[in-house]
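Colleague:
In my numbering, the protein residues as written are 1084 to 1253.
(1) Here's the rule I'm using: 16 or more other beta-carbon atoms within 10 Å means buried, otherwise exposed. How should residue 1206 be labelled?
(2) Can you grab the Cα-Cα spacing for the pair residue 1170 / residue 1187, in whole Å?
(3) Out of curiosity, what's the CA-to-CA distance linking residue 1220 and residue 1139?
(4) If we require 4 or more residues per run, which alpha helix (DSSP H) segments fall completely within the stretch 1090-1155?
(5) Can you give the Cα-Cα distance for residue 1142 and residue 1229, rounded to whole angstroms?
(6) So what's residue 1203 in DSSP terms, helix, strand or just coil?
(7) Find the nearest neighbour of residue 1191 within the set 1211, 1178, 1127 and 1131, judged by alpha-carbon distance.
(8) Who are the Cβ neighbours of residue 1189 in its own chain at under 8 angstroms, not counting the five residues just before and after it?
(9) Only counting the same chain, and skipping five residues up and downstream in sequence, which positions put a Cβ closer than 7 angstroms to that of residue 1223?
(10) Return helix, strand or coil for residue 1197, following the three-state DSSP convention.
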């Protein structure tokens, strides 16, 4: 079952979930990590079949756990929490909209970070089909033939810059 914001607002709890989701995103953007997590978690509790707060909470968890972007190094989050939220969000999305696209991109990033390239490729393919330009670049980057061609091109350009280019003078 996929609950969109308009559907969620049909009930008092749903309207509260929409408000909390919006406030959770704003708190995260302001660097208020604990407040963001609390509001997003409450939105998930109030509307467990609505994918948006799951996707947003997963983004928060992913950013908090990212070793290259430690937002709160004193309180690291287990990446399994983000993975669980993202998988649930994708399952709840019965339509191919922006929430599903974003969840697939985030899943792809998590899988790639942990060396699960086939799973990452699959997620990025889905997100690319849903219109993500970023996912399209990731699909190309994970393509073994494209990676080989890129490696050869980089080597050739380095050779040219170093004056080691082979010339075919006929």
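Glycine is no exception: its CB is placed at the ideal position from the N, C-alpha and C atoms. All figures in this text were calculated on a predicted structure; none of them were measured in a lab.
Modeller: Based on what the coordinates show:
(1) Position 123 of the chain shown, counting from 1, holds the residue named residue 1206. Looking at its Cβ environment, which holds 16 or more other Cβ atoms inside 10 Å, residue 1206 is buried.
(2) Position 87 of the chain shown holds residue 1170. Position 104 of the chain shown holds residue 1187. Looking at the two C-alpha atoms, the distance is approximately 9 angstroms.
(3) By one-based count along the chain shown, residue 1220 stands at place 137. By one-based count along the chain shown, residue 1139 stands at place 56. Near 23 angstroms, if we compare the C-alpha coordinates of residue 1139 and residue 1220.
(4) 1095-1112, 1116-1129 and 1134-1148
(5) For the purposes of this step, residue 1142 is taken as the residue at position 59 of the chain shown. For the purposes of this step, residue 1229 is taken as the residue at position 146 of the chain shown. Their Cα atoms are separated by approximately 29 angstroms.
(6) Position 120 of the chain shown, counted from the first residue, corresponds to residue 1203. Residue state, collapsed to three classes: helix.
(7) Sequence index remark: in the chain shown, residue 1191 carries index 108 (1-based). The shortest Cα separation from residue 1191 among 1211, 1178, 1127 and 1131 belongs to 1211.
(8) One-based indexing of the chain shown puts residue 1189 at position 106. Sequence-distant partners of residue 1189 (beyond 5 residues in either direction) whose C-beta falls short of 8 angstroms from its own C-beta, in its chain, are 1138, 1141, 1142, 1145, 1165 and 1169.
(9) Residue mapping note: residue 1223 aligns to position 140 of the chain shown, counting from 1. Only residues of its own chain outside the window of five on either side were considered, and among them 1229 have a CB closer than 7 angstroms to the CB of residue 1223, listed in chain order.
(10) For this step, residue 1197 is matched to residue 114 along the chain shown. Looking at residue 1197 - three-state DSSP - the assignment turns out to be coil, as it is neither helix nor strand.
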